[in-house]
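Report on one structure; see the data block that follows.
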Amino acid sequence: MGYRVVVAGATGNVGREMVNILADREFPADEIALLASSRSVGEQVEYGDSGKMLKVQNIEHFDPAGWDIALFAIGSEATKVYAPRFAAAGCTVIDNSSLYRMDPDVPLIVPEVNPEAIDGYRARNIIANPNCSTAQMVVALKPLHDAAKITRVVVSTYQSVSGAGKQGMDELFEQSRNIFVGDPAEPKKFTKQIAFNVIPHIDSFLEDGSTKEEWKMVVETKKILDPKIKVTATCVRVPVFVGHSEAINIEFENELSAEDAQKILREAPGIMLVDKREDGGYVTPIECVGEYATYVSRVRDDSTVDNGIALWCVSDNLRKGAALNAVQIAELLGRRHLQKGD
Ligand SMILES: NC(=O)c1ccc[n+]([C@@H]2O[C@H](COP(=O)([O-])OP(=O)(O)OC[C@H]3O[C@@H](n4cnc5c(N)ncnc54)[C@H](OP(=O)(O)O)[C@@H]3O)[C@@H](O)[C@H]2O)c1
Numbered sequence: 046m047g048y049r050v051v052v053a054g055a056t057g058n059v060g061r062e063m064v065n066i067l068a069d070r071e072f073p074a075d076e077i078a079l080l081a082s083s084r085s086v087g088e089q090v091e092y093g094d095s096g097k098m099l100k101v102q103n104i105e106h107f108d109p110a111g112w113d114i115a116l117f118a119i120g121s122e123a124t125k126v127y128a129p130r131f132a133a134a135g136c137t138v139i140d141n142s143s144l145y146r147m148d149p150d151v152p153l154i155v156p157e158v159n160p161e162a163i164d165g166y167r168a169r170n171i172i173a174n175p176n177c178s179t180a181q182m183v184v185a186l187k188p189l190h191d192a193a194k195i196t197r198v199v200v201s202t203y204q205s206v207s208g209a210g211k212q213g214m215d216e217l218f219e220q221s222r223n224i225f226v227g228d229p230a231e232p233k234k235f236t237k238q239i240a241f242n243v244i245p246h247i248d249s250f251l252e253d254g255s256t257k258e259e260w261k262m263v264v265e266t267k268k269i270l271d272p273k274i275k276v277t278a279t280c281v282r283v284p285v286f287v288g289h290s291e292a293i294n295i296e297f298e299n300e301l302s303a304e305d306a307q308k309i310l311r312e313a314p315g316i317m318l319v320d321k322r323e324d325g326g327y328v329t330p331i332e333c334v335g336e337y338a339t340y341v342s343r344v345r346d347d348s349t350v351d352n353g354i355a356l357w358c359v360s361d362n363l364r365k366g367a368a369l370n371a372v373q374i375a376e377l378l379g380r381r382h383l384q385k386g387d
């Protein structure tokens, strides 16, 4: 017997990827329900490349009783309304919004990094998926932390517009086209023109001058990997449709050479090391679209600190940063706790 699985937000960027990944990984689902808002009722979404079309239902009228797992990608406001209802009905919620990530009773999981923390899910019957930039970074940091104990991380992100949902992708497309034909390119979703530009501002500003996106990278890394690690982040939106990139400087308690870091990363789960010190011997966001791996390139010593390395990390933000990680959590939940579908 397999699972009865719900995908909430199935018409969105992340939700559509969830449906593709469930199909691609042959998740043991007996039944799948696709949900969204009243705006999308009657729309159809294909289950992977199967040709099987699934109808989108209104989440408002859906009864979660008897369903095992719900993958949520509907934003914090709607999650606040529906996640408690699903969880109380016995359907475990795996949520992509930021709503529950820092709740001490909700595990925040990246399966390659802290799988054991999932055991706390019963407190609220909710499991949180991290922010897209955090997810790919901790996959790269974990094996290096195990080897030489990370003390401090300095990260600058180059985040694609798909991280801001469908509206973000539409805005980059429309602005680029408008600029080519000489029409006005007014910002709507973003605070400044995103086409042919970069914007050093994602999410709202905090009192200390940092942004909420930067704060998320700090606190989520501590919750997932190690509270002792100091993190400072600068998060930047760039005119790329899909794929987040990060330039990361890492300081360690113990010595770790760039060569040893490369060897460790080559063997690490979820990581693909592509690091030839030659023209094109590194990965850019365009090449990681639709891929499962988190790519690491440009691993080198940072001679400005005692034990430090610098690296470049790229991943598909809709996959490892959201949908893939959520499906991996569902697989982990199945293996460790629900044990259906064997
Ligand atoms: N994009 C990323 O890289 C990324 C990474 C990590 C986490 N996330 C999180 O994942 C969530 C979804 O992001 P996205 O990029 O997929 O956004 P999106 O493309 O804008 O899609 C939003 C989805 O949520 C649904 N929705 C919105 N309001 C709803 C409501 N009141 N009731 C039911 N459904 C509602 C929409 O349905 P309709 O089509 O009917 O409006 C749509 O299916 C957000 O919480 C986001 O923070 C995104």
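Position 245 of the sequence shown, counted from 1, bears residue number 290 in the numbering used here, the numbering being contiguous throughout.
Here a beta-carbon is modelled for each residue, glycine too, at the ideal position from N, C-alpha and C.
Small disclaimer: the values here were computed from a predicted structure and weren't measured.
Between the segment 247 to 259 and the segment 128 to 137, the count of Cβ pairs shorter than 8 Å is below three; the stretches do not touch.
Of all alpha-carbon atoms in Leu144, Tyr337, Gly326 and Ala162, the one lying nearest the alpha-carbon of Lys268 is that of Ala162. Positions of the alpha helix (DSSP H) runs, each at least 4 residues long and wholly inside the segment 74 to 160, are given as 120 to 133 in order along the chain. With respect to the C-alpha of Gly210, the residue from Val263, Arg146, Leu270 and Arg282 having the closest C-alpha is Arg282.
Here Ala68 has Tyr92, Gly93 and Ser95 as same chain residues with Cβ atoms under 7 Å from its own Cβ, once five neighbours each way along the sequence are excluded. Under the DSSP definition of a beta bridge, Gly353 partners with Glu296. Counted as a single uninterrupted DSSP element, the stretch harbouring Lys267 is not any beta strand (DSSP E) but the alpha helix (DSSP H) occupying residues Lys257 to Ile269.
Not one heavy atom of ligand 1 is found less than 8 Å from the C-beta of Thr266.
Judged by DSSP secondary structure, Lys275 falls within the beta strand (DSSP E) whose first and last residues are Lys275 to Arg282. Looking only at Ile274, Asp215, Ser207 and Leu383, the smallest Cα-Cα distance to Asn294 is reached by Ile274. In the three-state reduction of the DSSP assignment, Ile172 falls in the strand class, which pools E and B.
Sequence-distant Cβ neighbours of Ala313 in its own chain, meaning closer than 6 Å and more than five residues away, are Pro188.
If you look at Val328, you'll find it isn't in any alpha helix (DSSP H); DSSP assigns it neither H nor E.
Inclusion of Glu88 and Thr137 in the CB contact set at 9 Å is not warranted, their separation being larger than that value. In the structure shown, Arg311 adopts helical secondary structure according to DSSP, grouped into three states. Shown here, Thr202 sits in a strand according to DSSP, grouped into three states. Between the alpha carbons of Val184 and Glu105 lies a distance of about 36 Å. DSSP places Asp346 in the strand class (E or B) of the three-state scheme.
Beta bridge pairing from DSSP links Glu291 with Thr202 and Cys358. With a cutoff of 9 Å on beta-carbon distance, Val319 and Gly326 are scored as near each other. Annotation: the segment 190 to 249 contains the following complete segments of the beta strand (DSSP E) (minimum length 3 residues), in chain order: 195 to 204. Distances between the C-beta of Lys211 and the heavy atoms of ligand 1 include at least one below 8 Å. Using a cutoff of 8 Å, the CB of Glu105 counts as near ligand 1, since one of the ligand's heavy atoms is closer than that. Leaving aside the five residues that flank Ile66 on each side, the residues in its chain whose CB is nearer than 6 Å to its CB run, in chain order, Ala368, Leu369 and Val372. The residue from Val328, Val200, Gly213 and Tyr337 with its alpha-carbon nearest to that of Lys261 is Val200.
Ranked by Cα distance from Ala118, the first of Lys97, Trp112, Asn141 and Met147 is Asn141.
Between Ala74 and Ala110, the gap from beta carbon to beta carbon reaches 9 Å or more. Ser302 and Ala78 have their C-alpha atoms some 49 Å from each other. Between Ile172 and Val151, the beta carbon gap of about 7 Å places them in contact (Cβ cut-off 8 Å). At the C-beta level, Gly120 and Gly213 stay beyond 9 Å of one another. If you draw a straight line from the Cα of Lys125 to the Cα of Leu144, it is about 7 Å long. Going by C-alpha positions, Ile154 is about 21 Å away from Glu71.
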